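Residue numbers (our numbering): -19 to 43.
Built from N, CA and C at the ideal position, the CB exists for glycine as well.
Since the model is a prediction, treat every value here as computed from it, not as a measurement.
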């Protein structure tokens, strides 16, 4: 049985390929007006998302 709870269960860690991260960074950096739509897959990454948004804001003239 495939159970997602109980003693000994640990969530799998899904890590993107480096090439996928590079492509995502290129897309974000190329954009003039960028909107981030964040879903449940980013659970636990709030601080990283805020950091990314702040870095993005520093790079653009959108203030």
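For residue 5 against residue 16, the beta-carbon gap comes to about 13 Å, at or over 8 Å, which does not count as contact.
In the structure shown, residue 16 falls within a coil segment according to DSSP collapsed to helix, strand and coil.
Restricting attention to 22, 10 and 30, the CA atom closest to the CA of residue 40 is found in 10.
Between the beta-carbon of residue 36 and that of residue 1 there is about 15 Å, and that puts the pair past the 8 Å contact cut. In this structure, the straight-line span from the alpha carbon of residue 12 to that of residue 24 is close to 27 Å.
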